[in-house]
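Protein chains in written order, with my numbering: chain A, 246 to 381; chain S, 7 to 447; chain H, 16 to 671; chain U, 2 to 293.
Beta carbons are placed, not taken as given, at the ideal position from N, Cα and C, and that holds for glycine.
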Amino acid sequence: MKIRLSRERVRGDFVKKVEMISGQDLLQCYQCGKCSAGCPAAFEMDILPSHVIRLAQMGQEEELAQANSYWICFSCQTCTVRCPRGVDIAKIMEALRLVTLRQKNRNKVEATGLPPELLAELPQIAIVSSLRKLSG
Amino acid sequence: MSREMETKALIVGGGVAGIQAALDIADGGYQVILVERTPSIGGHMVQLSEVFPTLDCPQCILTPKMVMCGQHPNIDIKAYCEIESVTGEVGNFTVKIRHKATYVDWDACTGCGQCEQKCPTKAPSEFNRELAFGPRKAIYSPFAQAVPNKRVIDADHCLKLTKDKCGVCAKVCPTQAIRYDMEDWIEEVKVGAIIVATGYELYKKENLTEYASDPDVIDGLEFERILCPSGPTAGVIKRPSDGKEPLDIVFVQCAGSRDPDKHFPYCSRVCCMYCCKMAMLYKHAVPDGQAYIFYIDVRTDGKMYEEFYQRGVEEDRIVYLRGKVSKIFRQGEKIVVFGMDTLTGKRVEVEADLVVLAMAMIPNPAGEKVKKILNLKTDEFGFITESHAKLHPVETGIDGIFVAGTAQAPKDIPETVAQAGGAASKVLSLFSGYERNKACA
Amino acid sequence: MKPRIGVFVCHCGLNIAASVEVSEVVKAIKDYPGVVHAQDYIYMCSDPGQNLVRKAIREHNLTGLVMSNCSPSLHERTFRNLAKSEGLNPYLVEVANIREYCSWPHQGDKETATKKALTIIKATIERVKRNQALTPLVVPLQKRVLVLGGGVAGMQTALDIAEGGYPVTILEKQAYLGGRVRQLDHTFVTMEKAKDLAGEMIDRTLAQPNIEVLTTAQIEGISGYVGNFEVQIRRQSDWVDPEKCNGCEACIKACPVEVPSTFDRGLVMRKAIDWTPGARPGEKRVFLDHQACVRVTRQESCTACQEVCDQGAITYPEDEQITQMYGAIVVATGHDLYRKSALTEYATDPDVLDALQFERLLSEDGPTGGKVLRPSDGKEPKEVVFVQCAGSRDPDKHFPYCSKICCMYTCKEARRYKEKVPDGQAYVFFIDVRSTGKGYEEFVKESVQKERLLYLKGKVSKIARQGDKLLVLGGDTITGHRVEIEADLVVLAMATVPSPGAKELARLLNVNTDPYGFIQEAHPKLAPVETLTAGIYLAGTSQAPKDIPHAIYQASGAASKILSLFSRKELIHEPLVAHVDTEICAGCGYCHDNCAYQAVSVDPILKKAVVNEALCEGCGACATACPSGAIQVKNLDSKQVFDMISVVTKDYALRP
Amino acid sequence: MKIPYYPGCTLKTKAKDFEDSAIAAARVLGIEMEELPRWNCCGTVYSLSSDDLIHQLAPIRNLIRAKEQESDRLVTLCSMCYNTLKRANEFFLADEEKRERIKRYLDDEIPYEGDVRVVQLLELLRDEVSMDAIKEAVKKPLTGLKVAPYYGCMLLRPASIGIDDVERPTVMEDVLRALGADVIDDPYKTECCGAYQTVSQKDVVATCAHSILTSAQGNGAEVIALSCPLCDFNLDNRQKEVQERFNGFHPMPVLYFTQLMAIAFGLDPSVCRFELSYNDPVPLLKSKGLIE
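Laid out in structure tokens, this is it:
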């Protein structure tokens with residue numbers, strides 16, 4: 246794959262949006278990979294957390310839009326507490342979710358879509374948090 | 007200057023920086039007092055197995071210098087001593103030196119070592135980084151080639167001094183040198199210039215809580231002792247927990263360095279090279295073994311360093327993995343390392359036998375007192391601030407007080423030696439300029 | 016006279032005694048031919064031990080001593096001094112090393128160790144039997160230093176030595192002091208103006224009464240040795256008298272020769288006579304460059320400049336020839352950048368600059384007055400790509416080494432660019448970010464975040480012109496993606512290489528260079544500022560790429576060696592040097608070919624080898640090369656060596 | 002000691018075992034956990050975006066409820082509630098501008114300045130009750146019961162609100178040790194269970210649960226002790242999926258640490274509501290002689 250870089254890309258709206266929602270400076274990350282190394286959800290991610298940040302640094306909105314990583318993320322903050330540069334990666338993951346979820350009809354989980362037997366089995370805390378994280 | 011100048015120098019710290027500065031000044035014809043806190047000069051360098059990129063052994067290249075210091079008519083080594091106070095100014099400093107009680111009359115001690123051989127009490131050896139393999143005795147000399155070659159009694163462990171029992175060292179000493187009633191004493195000296203060379207220590211492993219506290223998770227200096235042919239394992243590579251030969255070994259660089267959020271923002275400068283070196287030496291000792299090095303950037307920027315690193319990869323098949331390690335923990339016999347290779351974008355899990363952490367270099371905590379006494383400026387981490395980063399890299403901002411070696415910032419041996427020479431040159435300029443001016447006048 | 020040798024065997028505590036049966040050794044050696052006294056003691060180096068030796072010398076009228084103890088590097092001097100104080104020539108004392116060579120490697124095997132100790136001692140006795148009484152050589156010492164190169168390293172060495180009270184000459188090829196630092200804009204981490212830094216040092220140098228500065232000067236010849244170098248210097252005379260010149264520029268207009276400006280790295284053209292940097296940063300003067308003037312290059316008799324000068328400031332005097340004695344020499348000839356054209360995959364294009372050219376674009380005294388404008392069309396570049404490791408870390412095609420300073424200066428240049436063009440974007444291609452100095456890592460972090468620099472891990476594969484843009488094809492090995500940037504300007508951090516002419520200079524001075532032409536230090540750890548030629552030292556980037564602080568303290572380190580050297584009245588040289596039996600010597604010259612120190616030459620008239628004892632290190636390479644045995648090292652001649660071998664082979668002949 | 006208590010959604014339903022055992026056990030130690038008279042959902046997860054205040058309102062309201070009880074503290078059991086309430090309060094305290102804006106939406110409430118401290122029961126046990134007091138209250142020491150404490154995420158991360166060292170917590174170990182249990186040290190005790198992904202990514206959660214459970218078992222644990230209803234669901238109920246996906250997996254019981262307290266204190270096992278567990282702990286506890 247090829248990336249074309251330009252000022253418009255690396256300082257575009259996407260980067261600004263992610264930085265604003267997350268409150269994080271993407272360029273604070275120096276790509277050491279410690280977040281990916283310790284992420285308990287990484288085994289299921291198509292793009293690892295450090296690569297997600299790398300692509301965000303380069304303004305690669307399209308490729309990130311295809312990624313499952315931030316939908317798999319547990320918000321467990323293992324990455325955040327271990328980041329040597331103090332980047333709150335969990336917040337960047339949240340921001341990437343919100344970039345999508347704030348658009349109409351882009352929910353990953355719908356309250357009405359959950360089967361009754363699942364609803365019966367699940368504790369309330371699971372349902373509420375899932376909806377909080379994965380729907381707009 | 008109207009006042010007479012005391013053309014004698016004081017050097018605080020007897021590591022390679024202090025040794026080099028002492029020799030340069032002494033060779034320049036001036037008297038040097040070399041104060042060392044431990045029983046022998048040599049510093050961290052004598053603890054090392056071999057040094058990069060030449061793979062010389064420090065026993066071959068440093069001990070001759072130590073001996074030269076010991077025999078130099080212009081050098082007065084004051085080992086097991088500490089600086090108590092300093093007053094005065096350039097040309098005329100008055101320094102009080104505390105001679106810590108050694109409980110051995112060094113004038114009488116011949117260094118024969120009979121006391122050490124007979125002493126029944128073992129204690130962890132500072133020189134061997136307190137590894138399980140290499141305890142010392144309560145009366146000891148830190149290592150075979152110690153300069154001065156004298157014994158001291160460790161008052162915390164000696165049975166005579168703690169419980170008034172034993173006393174065997176006094177019985178066997180052929181020169182009756184043992185003095186259980188010795189006390190610290192203070193000596194006052196006058197010097198014209200001071201070089202601070204108090205060196206470094208490694209940041210404590212326990213500070214990295216995501217990495218297990220485990221006997222088989224060791225720091226760089228501990229592994230140096232294990233690699234050292236004259237070390238406590240006689241150069242046989244064993245892991246501390248069970249003495250087995252480790253076949254998978256993981257090196258973790260930037261352990262505490264380049265971590266502004268939790269530890270230190272700075273780069274410790276030498277770890278890239280020493281990890282590569284240790285991995286090579288490991289591989290030479292354990293040909294079946296495999297070394298892995300986790301890194302962020304390989305910083306091999308000295309003369310022949312890049313070439314050295316390439317040799318490690320090509321000849322010794324070191325596997326370099328670009329990424330910080332997130333977690334280290336014991337699982338049965340193995341030490342599990344959760345890492346990452348940011349280049350393939352894959353997570354890496356290694357089941358290692360031994361893990362070596364390249365802990366951040368920090369200023370030697372034992373130097374804190376000296377810096378306070380001399381009123382030296384330091385950066386927020388405690389490294390001594392030079393008066394100008396470029397133009398005056400060995401001056402401290404106080405006339406007549408200079409800095410050399412890792413007390414100023416992390417640096418490797420060639421840089422330390424060159425910088426120590428630089429500090430010595432300032433002292434020589436000062437003394438020789440004064441004398442030649444006096445001669446002209 | 017029959018030899019009367021004393022043998023002294025040290026226990027070294029248990030170091031020797033635990034492996035070697037010392038009393039047996041003494042018993043066995045007592046009756047060995049030539050030995051009149053043998054004795055052991057727990058510590059021979061201790062005061063009581065030394066007293067035993069003194070007493071024995073007097074009582075037994077000894078003519079030689081064999082000290083059987085630790086390595087000679089430890090106590091040879093101790094016992095030789097002892098002998099001297101007892102009136103015995105110190106060179107009649109030899110050490111039999113029975114510790115490092117015997118007791119330590121044979122721990123736990125007393126039988127072998129004892130036997131071997133005895134053999135070593137016997138061999139040494141045989142050697143001492145033929146030892147001659149020697150006197151150390153005394154070499155006079157000229158306490159004056161020559162520093163080659165007037166950059167920051169050269170100036171620092173000169174300042175330290177001058178402040179120590181000794182006269183120094185700085186020889187500078189250019190017309191001004193300050194070297195490469197004069198060409199820089201700011202310096203990294205502290206972000207001071209480079210010209211302030213250079214200016215401070217230049218002021219101190221010019222004000223120092225012990226320093227003589229010779230600009231536009233070069234070394235032409237050298238002979239002699241440590242303490243006594245005779246150096247021929249050629250100094251180009253100044254064809255423009257600065258006192259008379261009023262800067263009217265008439266000569267500049269009249270000059271027919273146009274050449275690329277070396278100070279501005281070829282970004283602009285200048286005349287053979289033109290403005291050049293003055294003594295201090297910020298100053299300038301009219302200067303006629305001999306290397307460009309047709310009077311020199313084509314031996315023409317052009318006087319175009321002289322004709323238009325109404326001040327009569329221009330004359331063409333001959334070059335000055337100076338011969339001077341120096342006690343020590345410091346090589347501080349600095350570095351250059353590798354030529355861009357060597358990287359053929361990158362376009363040769365006016366907008367592809369090397370890092371020093373970019374420094375000139377950033378500098379207030381540069382061709383654009385400090386505005387970042389691209390050379391092709393004078394437009395302000397909005398997308399600038401910096402390429403690190405351009406020629407470095409490339410063992411296959413260029414240089415295997417790391418150039419050390421590019422990571423930092425690239426970051427600084429990108430940062431300076433952004434300060435000047437806030438709406439621009441800077442990209443930095445790197446392999447590893449090597450910010451290892453004090454505050455360096457922090458500087459990179461701050462610059463990246465403050466100026467939004469985008470670092471891309473990967474080498475650039477190709478740079479090509481595409482219309483108005485430069486197409487940069489690179490990679491980001493972290494995402495594993497190829498990266499393409501349409502840039503306005505590209506800056507290549509070209510490999511640091513030695514200054515032109517460094518190799519020739521090294522040959523002239525007889526110092527070694529590494530394969531890339533950097534001057535080789537004597538030992539990377541223990542003698543980093545010394546060369547293998549006594550009396551010649553090195554400082555700064557002539558030895559290897561390094562940054563300014565490192566160059567400066569290393570330069571001070573070189574000064575300290577010289578101050579030590581000069582602290583003596585004269586030089587004392589070990590007399591253990593080569594000696595020629597001229598009646599045997601055939602003048603074949605093998606000795607000369609094998610001498611690493613240029614200490615042996617063949618007299619062209621007598622056709623006999625001659626040893627310069629002041630240069631000889633006594634290594635013996637000549638002796639092994641000599642077909643006839645005419646050249647021998649004193650107190651280790653071939654007879655002595657064979658006598659020693661005979662002992663050893665006899666002792667071990669019957670071993671199964 | 003009386004202290005206002007915030008239950009949160011699940012403690013009243015699926016995690017009644019947690020609540021009942023906790024209240025009963027705390028009472029033995031002299032702590033009266035008084036449920037807030039009117040509480041609302043905390044939101045379960047703390048919002049990680051920095052541009053919406055709306056998510057901070059619900060937790061802050063609950064803290065105001067505690068203030069209404071004239072208390073400067075509020076105790077929680079559920080780790081997620083603890084995390085959300087505490088972080089919201091930290092946020093409220095840290096940023097004056099945001100604080101004033103939040104207050105504008107709370108103008109029907111009594112004035113609040115962030116002065117209610119959120120504590121989790123484990124903290125209370127450590128800091129105010131003491132391990133010695135717990136030891137004294139033990140009637141049936143859990144001798145021989147091999148327990149692996151499991152913290153999960155929300156009690157510890159981020160470090161600023163964690164109840165203990167973020168990487169090497171010991172508080173639950175100390176409590177269990179005081180109860181006489183044989184405490185197992187397990188490196189997975191701070192690894193995430195998969196949290197809310199249990200709703201839409203069952204298999205992912207099963208994989209996480211498998212790693213955690215087998216690590217604990219590998220280190221010799223017979224039961225896991227924890228403090229979060231979502232962790233409990235993922236580690237207990239999801240063992241069904243773990244068994245389906247991973248051959249040779251042996252199920253194990255999972256308990257709230259408060260249930261173990263209740264047993265050790267000799268309380269009637271009915272307060273433990275073991276019937277709510279997916280993997281029945283009763284046989285194990287019986288085999289150790291801890292319950293009849």
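Segment limits, beta strand (DSSP E) that includes residue i
i, result
"Ala134/U", "Here Ala134/U belongs to no beta strand (DSSP E); instead the alpha helix (DSSP H) covers Met132 to Ala138."
"Gln337/S", "Lys333 to Gln337"
"Glu36/U", "Glu33 to Glu36"
"Ala149/U", "Lys147 to Pro150"
Cα-Cα separation between residue i and residue j, rounded to whole angstroms
i, j, result
"Ser579/H", "Ala32/S", "8 Å"
"Glu273/H", "Leu507/H", "27 Å"
"Asp52/U", "Lys262/A", "10 Å"
"Ser238/H", "Tyr341/H", "10 Å"
"Gly393/H", "Leu504/H", "11 Å"
"Phe672/H", "Gln647/H", "Any question about residue 672/H goes unanswered here, given that chain H covers just 16 to 671."
Cut-off 8 Å between Cβ atoms - residues of its own chain near residue i, not counting five sequence neighbours on either side
i, result
"Val356/S", "Asp254, Val256, Tyr298, Val342, Val343 and Gly345"
"Glu35/U", "Lys3, Ile4, Pro5, Tyr6 and Gln70"
Sequence-distant residues of its chain with Cβ nearer than 6 Å to residue i (five each side left out)
i, result
"Lys187/H", "Reading the sequence as shown, one finds Glu at residue 187/H and not Lys. Closer than 6 Å at Cβ, skipping near neighbours: Gly165 and Thr230."
"Glu421/S", "none"
"Gln198/U", "Val205 and Val206"
"Glu628/H", "Leu152 and Val592"
Where the alpha helix (DSSP H) through residue i begins and ends
i, result
"Ser147/S", "Run containing Ser147/S: none; DSSP gives neither H nor E here."
"Ser582/H", "Counting along the chain, Ser582/H falls outside any alpha helix (DSSP H), and DSSP gives it neither H nor E."
"Ile61/U", "Ile55 to Glu69"
"Met265/A", "Asp258 to Ser267"
"Arg246/U", "Gln240 to Arg246"
"Arg377/A", "Gln369 to Leu379"
Closer than 7 Å at the beta carbon, the chain U residues around residue i
i, result
"Glu216/S", "Glu168"
Under 7 Å from the C-beta of residue i: neighbouring residues of chain A
i, result
"Arg480/H", "Ordered by position in chain A, no residue passes the 7 Å Cβ test against Arg480/H, which lies about 17 Å from the chain."
"Gly195/U", "Phe319"
"Glu461/H", "Under the 7 Å cutoff, chain A gives no residues; its nearest Cβ is about 11 Å from Glu461/H."
"Gly44/U", "Arg377"
Near the ligand FMN: residue i beta-carbon under 6 Å from a heavy atom
i, result
"His56/U", "This structure lacks the ligand FMN; in fact it carries no ligand of any kind."
Neighbouring residues, chain S, relative to residue i (Cβ below 7 Å)
i, result
"Ala559/H", "Lys309"
Within chain U, partners of residue i - CB distance below 8 Å
i, result
"Phe270/S", "Residues of chain U passing the Cβ test: none, with the nearest at roughly 17 Å."
"Lys335/S", "Going by the sequence as given, residue 335/S is Phe instead of Lys. Within chain U, the residues near Phe335/S are Pro188."
Proximal residues of chain H, C-beta to C-beta of residue i below 8 Å
i, result
"Ile248/A", "Asp491, Thr494, His496, Arg497, Val498 and Glu499"
"Ala395/S", "Val204, Thr205, Lys453, Gly454 and Pro564"
With three or more beta-carbon pairs closer than 8 Å as the criterion, would you say the region 114-134 of chain S touches the region 178-196 of chain S? In the pairwise beta carbon analysis, the region 114-134 of chain S is classified as touching the region 178-196 of chain S: at least three pairs are separated by under 8 Å.
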